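Each remark here refers to the structure printed beneath this line.
Right, dumping it as structure tokens:
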């Protein structure tokens, strides 16, 4: 089975997919429509084809040509052996870089994509054998458990679309059957509103989108959305941290004096607005956008929102500001809400631009001695001292900046339009931060980044990055490879692919379990060999491996960044026009919600 993106979603005519079936079938080695089902793909063809000699050549010319060919072959072999002797640790990609074989490079990237696919299969097969249907998988102990009494589909639903993108027919069929026959959300259980929205609701919606609009996935998604809606029934509209799936009771956070995380409250909008688009019911849309109105009314300084907000009052709790945990996806979804509705809701672009100016003004710093660009934190508000702490989670930001700069279009195309100083500044910052995020991998003994790093500001420092023992674990997070994927798609700079491959190889060397049970998170990335943390996160399958797979895909029309938005759990959803049923139901004081000018290449 191969997957093409459906074109008949409600009122989607202006953003209908044009991805042909054959591009989805490349991974399985079969060409698609119009080219013959058994024809080999280009990656199977030889690098060069010998040209027949001209029959009119004289015997001497033929002999001379043969002699030179022989000499060339001998010299080529000699150069190869010389290279291998001098650089025994280098691999094929460096050879093809030196000899400039474009076809060879394409084949290498296809092979690397296949290796990522194999890592997914190995992870899935371990889960299938020891934990199928369970929410949590311990690959070292080979044990599992559920969160809810009957399970949430936490791992299965989260990676449905990854299996579709990778054309993994057999595991997908098994997963779909489980979802159809075993998954129920009618359980007396409190779930985290945010995590359930981005992983389960987002996963079902993306599976519906990529599966030729399989109604089963949509029915499950709508049922879940209905059960999550009561979380929004606070006085301000800010959702409670949790909600009981059966009773429909919103539950304030058991910590933080009942405050909701700002990032969690503001990172459910893509999912709920898409449910409205699919069903024609405005209620989900209105609940989701009411949150954004409350956030804007709370008046964050320079667009930098504190990381806690009270559901009953709509007021911020405390003044801690960061783009890491509890702050990150607020900024991500400001931009992506604007992109999701084809740049028709200018209010979110305004909020995003203000926030990015605030980030550049107050949080961007340079480390010592090498001047790495990083994003600091403000533990005591905009007037407090900076902290040099940076979560790995912040590494979503460079990709987001690149998306905001070009609207997902290739950089060369975006620059041909009215390219502004702000766009250029954001793109430069995206490149600098991507480099820094990769440095967070390079500085460790395993080549895998820790959860948190600190940047040095002392002029006498010898190292830019330091890692505290309590922050040295790795949870298989996707943010850096997410940004690498976006940066590759937009800039076409091959360095982002090279970095991604190095990261994948480090995971394969240090996080892969020898008995084939999957990949594990790690206790300390500066220990070799590292101790396993004994947990395989669902986002390892849903995000990290998906972004690596797409990073090594040569066909940019597959999930094109100007056609889809990825939610914060890497679930792709199509862009759409609002149409007559939907509108931005609120306006900022003294501003207009008129659509902005079209993005590069847009209508």
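Numbering (the numbering used here), first residue to last: 1302 to 1904.
Beta carbons are placed, not taken as given, at the ideal position from N, Cα and C, and that holds for glycine.
Bear in mind the structure is a predicted one, so any value in this text is a computation, not a measurement.
- Excluding the 5 residues flanking it on each side, residue 1632 has same chain C-beta neighbours closer than 6 Å at 1656, in chain order.
- Sorting 1708, 1748, 1420, 1718 by C-alpha distance to the C-alpha of residue 1829 places 1748 at the top.
- Around the beta carbon of residue 1520, fewer than 16 other beta carbons lie within 10 angstroms, which makes this residue exposed.
- Contact between residue 1499 and residue 1737 fails: their C-beta atoms lie close to 25 Å from each other, not under 8 Å.
- Under the rule that a run must span 3 or more residues, the beta strand (DSSP E) segments found entirely inside the stretch 1715-1773 read 1753-1756.
- Going by DSSP, residue 1666 is part of the beta strand (DSSP E) stretching over 1665-1667.
- By the neighbour-count definition (other C-beta atoms within 10 Å, threshold 16), residue 1745 is a buried residue.
- A distance below 6 Å between beta-carbons, with the five flanking residues on each side excluded, links residue 1508 to the following residues of its chain, in chain order: 1461, 1462, 1518.
- Taking 8 Å as the cut-off, the Cβ atoms of residue 1866 and residue 1571 count as close.
- Put simply, the backbone Cα of residue 1782 is about 6 Å away from that of residue 1849.
- Between the stretch 1709-1718 and the stretch 1796-1815, the count of C-beta pairs closer than 8 Å stays below three; the two stretches do not touch.
- Counting C-beta pairs closer than 8 Å gives fewer than three between the stretch 1811-1819 and the stretch 1728-1743, which falls short of the contact rule.
- If you look at residue 1692, you'll find it isn't in any alpha helix (DSSP H); it sits in the beta strand (DSSP E) that goes 1690-1692.
- For residue 1663, the closest alpha carbon among the candidates 1882, 1636, 1622 is that of 1622.
- When C-alpha distances from residue 1536 are compared across 1510, 1820, 1503, 1613, the shortest belongs to 1613.
- Boundaries of the alpha helix (DSSP H) around residue 1634: 1629-1641.
- Put simply, the backbone Cα of residue 1694 is about 25 Å away from that of residue 1532.
- A contact is defined here as three or more CB-CB pairs under 8 Å, and the stretch 1835-1854 meets this definition with respect to the stretch 1413-1430.
- Around the beta carbon of residue 1760, fewer than 16 other beta carbons lie within 10 angstroms, which makes this residue exposed.
- Judged by pairs of C-beta atoms under 8 Å, the stretch 1670-1690 does not touch the stretch 1632-1650, as fewer than three such pairs exist.
- By the C-beta density criterion, residue 1578 is buried, having at least 16 other C-beta atoms within 10 angstroms.
- Burial is judged here by how many other beta carbons sit within 10 angstroms of a residue's own beta carbon; residue 1722 has fewer than 16 and is exposed.
- Apart from sequence neighbours up to five positions away, the residues of its chain that approach residue 1609 with a beta-carbon distance below 6 Å are 1557, 1560, 1618, 1619, ordered along the chain.
- Considered as a whole, the stretch 1768-1843 harbours 1780-1792, 1796-1811 as its complete alpha helix (DSSP H) runs of no fewer than 4 residues, in chain order.
- Counting along the chain, the unbroken beta strand (DSSP E) around residue 1437 starts and ends at 1437-1439.
- Residue state for residue 1883 is assigned as coil, using DSSP reduced to three classes.
- In the DSSP assignment, residue 1674 is bridged to 1667.
- In this structure, the straight-line span from the alpha carbon of residue 1441 to that of residue 1820 is close to 9 Å.
- Closest by C-alpha distance to residue 1525, out of 1468, 1807, 1859, 1454, is 1454.
- Only exposed fits residue 1771, as fewer than 16 other CB atoms lie within 10 angstroms of its CB.
- Residue 1731 and residue 1539 have their alpha carbons spaced roughly 31 Å apart.
- Look at residue 1559 here: in three-state DSSP terms it is helix.
- Around the beta-carbon of residue 1494, 16 or more other beta-carbon atoms lie within 10 Å, marking it buried.
- By the Cβ-count criterion, residue 1452 is buried, with 16 or more other Cβ atoms from all chains shown falling within 10 Å of its own Cβ.
- Residue state for residue 1445 is assigned as strand, using DSSP reduced to three classes.
- Straight across, the Cα-Cα distance linking residue 1478 with residue 1430 is about 16 Å.
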